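Sequence lines, in order, name chains A and B. Numbering-wise (our numbering), the first sequence opens with residue 2 and increments by one. Numbering-wise (our numbering), the second sequence opens with residue 2 and increments by one. Worksheet: the structure to be examined is printed underneath.
Number of protein chains: 2
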Amino acid sequence: MAKAFTIGALSRESGVNLETIRFYERSGLLPEPLRSASGYRHYQAIDVRRLRFIRRGRELGFSLEEIKALLALAGEPHSPCAQADRLVHEHLQAIEARIQDLQRMKAELSKLAGCDSQQAEHCCLLEALDSRECCSAGDARPS
Amino acid sequence: MAKAFTIGALSRESGVNLETIRFYERSGLLPEPLRSASGYRHYQAIDVRRLRFIRRGRELGFSLEEIKALLALAGEPHSPCAQADRLVHEHLQAIEARIQDLQRMKAELSKLAGCDSQQAEHCCLLEALDSRECCSAGDARPS
DNA sequence: CTAAACCCTGTAGTCGCTACGGAGTCAAGC
DNA sequence: GCTTGACTCCGTAGCGACTACAGGGTTTAG
């Protein structure tokens with residue numbers, strides 16, 4: 002009755018790479034599935050759901066450890082979800098910090114871009130890396 | 002005359018971890034330095050400068066391979082800096098893409114945050130991971 | 001002279017996969 | 001029954017950018 006999937010079918014169904022599925026099993030994110038006589042893994046619908054959960058978590062930037070924790074929380078129907086909420090908030094903060102980081106990089110890089118000197122020794126871009134000064138700084142050379 | 006640095010001094014001077022310096026040497030970013038009779042590395046001021054260049058590149062998010070390329074360009078005084086500029090532009094695009102990515106994550110996570118159900122089975126947060134639906138979706142529960 | 005601080009090499013761990021090699025298994029067509 | 005091709009198995013190694021040992025040798029200050 003219950004439809005069984007081979008690992009290839011599970012991969013197609015869940016959108017998770019086949020080798021990644023085996024990796025998740027080794028990592029303890031997926032339980033060890035039943036096996037056929039010849040040792041082939043056999044999965045059920047619930048595994049598709051679990052894998053999609055994991056995939057979605059990855060798309061949202063959670064680490065595998067965080068996803069493991071979320072899965073454990075989801076499996077405990079009577080535990081409060083405050084912990085899950087805390088995980089989300091921490092993760093949000095990490096993402097915001099990362100965005101700040103990248104925006105700082107972007108701003109600095111934008112200042113460097115557009116140098117078209119014909120000689121590397123006058124390239125404000127390479128100089129900027131050298132000296133932390135940018136084209137627009139006091140002793141800038143014409144570029 | 003030329004002040005020589007041990008690896009520890011170079012580390013303090015450049016702000017790059019001592020083990021990382023050795024790693025950069027193995028990776029071909031730093032030339033192999035002179036050695037004392039007992040095998041200790043001896044560095045010069047130019048190495049401090051080179052390491053700072055690398056550090057600055059890392060702060061701007063360049064990969065070690067990209068930094069290697071930039072260093073090569075900086076060492077070629079007569080080559081045009083157009084190549085360096087292209088590297089910077091490509092890197093800028095990658096950063097912008099990454100920011101977009103993170104902002105998408107942030108937006109989705111923000112929708113999930115704030116659930117305070119007392120039971121995981123009603124936690125919109127975990128459900129959202131399960132079903133791709135969020136609290137604010139049609140069948141949202143009071144939270 | 002001794003102890004602390006430094007340095008050496010080589011190797012293994014992190015994270016989240018991905019890719020291989022070399023084997024065994026299964027289903028379909030002839 | 002036999003072949004072919006697609007699938008699966010396992011174990012291991014690679015990526016990038018470090019970081020952290022272990023188990024030694026060296027230098028320096030008191």
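We treat Cβ as the ideally placed atom computed from N, Cα and C, and that holds for glycine. Note that this is a predicted model, so its numbers are computed, not measured.
*Per-residue DSSP class, three states only, for H43 (chain A)*: Start at 1 with the first residue of the first sequence, and residue 43 (chain A) comes out as number 42. Look at H43 (chain A) here: in three-state DSSP terms it is strand.
*Using a beta-carbon distance below 8 Å, is V89 (chain B) in contact with chain A?*
Here residue 89 (chain B) corresponds to residue number 88 of the second sequence, with the count starting at 1. Taking Cβ atoms only, chain A reaches closer than 8 Å to V89 (chain B), which makes this a yes.
*Would you check if the distance between the CB atom of L52 (chain A) and the CB atom of V17 (chain A) is smaller than 8 Å?*
The residue given as residue 52 (chain A) occupies position 51 in the first sequence. The residue given as residue 17 (chain A) occupies position 16 in the first sequence. Note that the C-beta distance between L52 (chain A) and V17 (chain A) is below 8 Å.
*Grouping DSSP H, G and I as helix and E and B as strand, with all else coil, what is L31 (chain B)?*
To locate residue 31 (chain B), count along the second sequence from 1; it is residue 30. L31 (chain B) sits in coil when the DSSP states are folded into three classes, being neither helix nor strand.
*Buried or exposed: H79 (chain B), going by 16 or more other Cβ atoms within 10 Å of its Cβ?*
Numbered from 1 along the second sequence, position 78 holds the residue referred to as residue 79 (chain B). H79 (chain B) is exposed by the Cβ-count criterion.
*Are the C-beta atoms of D86 (chain A) and some chain B residue less than 8 Å apart?*
Here residue 86 (chain A) is taken as the residue at index 85 of the first sequence, counted from 1. Taking Cβ atoms only, chain B reaches closer than 8 Å to D86 (chain A), which makes this a yes.
*E77 (chain B) to K69 (chain B) span [Cα, whole Å]*: Translated into the one-based positions of the second sequence, residue 77 (chain B) becomes position 76. Translated into the one-based positions of the second sequence, residue 69 (chain B) becomes position 68. Whole-angstrom Cα-Cα distance: 13 Å.
_I want to see whether chain A comes within less than 8 Å of S64 (chain B), judged by CB atoms only; does it?_
In the second sequence, counting from the first residue as 1, residue 64 (chain B) sits at position 63. Not one chain A Cβ lies under 8 Å of S64 (chain B).
_7 Å CB neighbourhood of A38 (chain A) in its chain, flanking five on each side removed_ = Start at 1 with the first residue of the first sequence, and residue 38 (chain A) comes out as number 37. Around A38 (chain A), the same chain offers no residue with a beta carbon nearer than 7 Å, after the five sequence neighbours per side are excluded.
*Candidates B:Y44, B:F6, B:D86 and B:I8: which alpha carbon is nearest S111 (chain A)'s?*
Here residue 111 (chain A) refers to the residue found at position 110 of the first sequence. For S111 (chain A), the nearest C-alpha among the options comes from B:D86.
*When the Cα of H92 (chain B) is compared with those of A:A108, A:A83, A:L72 and A:A98, which residue comes out closest?*
Here residue 92 (chain B) is taken as the residue at index 91 of the second sequence, counted from 1. Minimum Cα distance to H92 (chain B) is reached at A:A108.
*Where does F54 (chain A) fall in DSSP's three states?*
Residue mapping note: residue 54 (chain A) aligns to position 53 of the first sequence, counting from 1. Reduced to three states, the DSSP call for F54 (chain A) is helix.
*asked:* Does chain A have any CB closer than 8 Å to the CB of H92 (chain B)?
replied: Taking the first residue of the second sequence as 1, we reach residue 92 (chain B) at position 91. Chain A contact via Cβ: present.
*Three-state class that DSSP yields for S15 (chain B) in the structure shown*: The count along the second sequence starts at 1 and reaches residue 15 (chain B) at position 14. In the structure shown, S15 (chain B) sits in a helix (DSSP, three-state: H, G or I).
_Check this for me: beta carbons of L72 (chain B) and L88 (chain B), under 8 Å apart or not?_
Here residue 72 (chain B) is taken as the residue at index 71 of the second sequence, counted from 1. Here residue 88 (chain B) is taken as the residue at index 87 of the second sequence, counted from 1. Against a cut-off of 8 Å, the Cβ pair of L88 (chain B) and L72 (chain B) comes out as no contact.
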